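Structure first, then comments.
In this note's numbering, the protein residues as written are 983 to 1229.
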């Protein structure tokens, strides 16, 4: 009768209600209440037979109704999940700093933005320009607290477009996340991260930036993926990004 072989709690409540009604009628029979002259023992037995038969006969119908509703709910949830997965955006992040060159126009022309990053305000000062030379001029203005840059790619390798994409540092109280707008399927957003390291820090200095990439699918569901960027004065490393988690 039940597919998971577990009896629902409402079955026990239903049985208890049947017994309570029967007990209440039995108690009332002993009270001095006027009754019909032809109301005798066979009549009461007929009543109890009909009552108990009807009550017990309702159990299979109620159980079938309960099972059908639960199965319909399960199928609806599976359908919703399948629909989400069919349009699920998935972000993949890659550190392409080794292939990036300030002298090559192609490297700079593919940039979405140049972004500053530090331990106080996180991501800030986003700068983008159609002229690649403007990025070179901007980089020349950086002081010694910016030992290097990170060429950071965000790819959408999922089945659907990512809408309202933002990038933020969860371990730093930045005023607002970096808005990357929409990233279509198989599209890429390239960021030039300028990480600020205190110039007086020693060679053992390191800092972690916990990135969160938040986005929506075409159905309005919100997802988040996380990854970690570890920086020292001499080098940096990017962790593996997490799978999309539904918020």
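In this text, a Cβ means the ideal position worked out from N, Cα and C, and glycines have one as well. Because the structure is a prediction, the values reported are computed rather than measured.
Going by DSSP, name the residue or residues bridged to residue i.
i: residue 1188; result: 1214
i: residue 1077; result: 1134
i: residue 1176; result: 1098, 1131
i: residue 1151; result: 1193
i: residue 1203; result: According to DSSP, which records beta bridges pairwise, residue 1203 is partnered with nothing at all.
i: residue 1104; result: 1100
i: residue 1220; result: 1211
i: residue 1167; result: In DSSP, residue 1167 forms no bridge with anything.
i: residue 933; result: This structure gives no information on residue 933, because the portion of the chain shown stretches from 983 to 1229.
i: residue 1228; result: 1205
Which term fits residue i, buried or exposed, when burial requires 16 or more other beta carbons within 10 angstroms of its beta carbon?
i: residue 994; result: exposed
i: residue 1207; result: buried
i: residue 1112; result: exposed
i: residue 1218; result: buried
i: residue 1104; result: buried
i: residue 1229; result: exposed
i: residue 1176; result: buried
i: residue 1047; result: exposed
i: residue 1071; result: buried
Assuming contact is defined by CB atoms lying nearer than 7 Å, are residue i and residue j in contact in what I supplied?
i: residue 1200; j: residue 1142; result: yes
i: residue 1213; j: residue 1189; result: yes
i: residue 1164; j: residue 1149; result: no
i: residue 1151; j: residue 1191; result: yes
i: residue 1139; j: residue 1074; result: yes
i: residue 1078; j: residue 1095; result: no
i: residue 1100; j: residue 1156; result: no
i: residue 1127; j: residue 1160; result: no
i: residue 1076; j: residue 1135; result: yes
i: residue 1147; j: residue 1174; result: no
i: residue 1137; j: residue 1167; result: no
i: residue 1205; j: residue 1197; result: yes
i: residue 1133; j: residue 1082; result: yes
Ignore the nearest five residues each way along the sequence and tell me which others in residue i's own chain have a CB closer than 6 Å to its CB.
i: residue 1092; result: 1172
i: residue 1225; result: none
i: residue 1064; result: none
i: residue 1221; result: 1209, 1210
Could you pull out every residue in the same chain whose Cβ sits closer than 7 Å to the Cβ of residue i, ignoring the five residues on either side in sequence?
i: residue 1052; result: none
i: residue 1129; result: 1179, 1215
i: residue 1203; result: 1066, 1228
Grab me the residues of residue i's own chain with a C-beta within less than 8 Å of its C-beta, minus the 5 sequence neighbours each way, in chain order.
i: residue 1102; result: 1154
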